[in-house]
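Working notes, structure below.
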Amino acid sequence: MGLTLSPVAIRDIENIGDYIAQDNPARALSFISELYNQCQRIGESPEVYQKRPELGRDVRISTYGKYLIVFTAIQRNVRIERILHGARNILRLLAYR
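Everything in the sequence shown is counted per the numbering used here, starting at 34 for the first residue and increasing by one.
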């Protein structure tokens, strides 16, 4: 399967890393690495993750810790759209994608 990250998802990861680094720079680096690893797992088996039609056509979600990895899987192409903290208003944030 092909795996890509949207520019917004890349920015989300950078923002998450910056936020964690304020308190623990070493943990920020390891957590970002873990997020990328989870994205790789999604790319390998996207069909195992829950479909979320209320968020859009072909949208699925994976959780990682307190974060939601929002992605689309169309045929053999997986695109990570956003990586958002679970406490945020996901419907509102995805309305603008």
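Yeah, the Cβ is synthetic: ideal placement off N, Cα and C, and Gly gets one too.
query, result
"At what residue ranges does the segment 44–127 contain a whole run of the beta strand (DSSP E), taking only runs of 3 or more?", "92–97, 100–107 and 110–118"
"What do you reckon, are the CB atoms on S95 and I113 nearer than 7 angstroms?", "no"
"Taking P79 and R90 to be in contact with their CB atoms under 8 angstroms, please state how far apart those CB atoms are, rounded to whole angstroms.", "Actually they are not in contact, since the Cβ atoms of P79 and R90 sit about 14 angstroms apart, beyond 8 angstroms."
"Apart from the five residues just before and just after Q71, which ones in its own chain have a Cβ nearer than 6 angstroms to its Cβ?", "Y97"
"Look at the alpha carbon of S39 and the alpha carbon of A106, and state the distance between them as a whole number of angstroms.", "13 angstroms"
"Which whole-angstrom value describes the C-beta separation of L68 and I43, a residue pair presumed to lie in contact below a C-beta threshold of 8 angstroms?", "The pair is not a contact, with the Cβ atoms about 11 angstroms apart (cut-off 8 angstroms)."
"On the CB-based measure, 16 or more other CB atoms within 10 Å of its CB, does R60 come out buried or exposed?", "exposed"
"Leaving aside the five residues before and after L117 along the sequence, list all residues of the same chain whose C-beta is less than 8 angstroms from its C-beta, in chain order.", "D45, Y100, L101, V103, I123 and L126"
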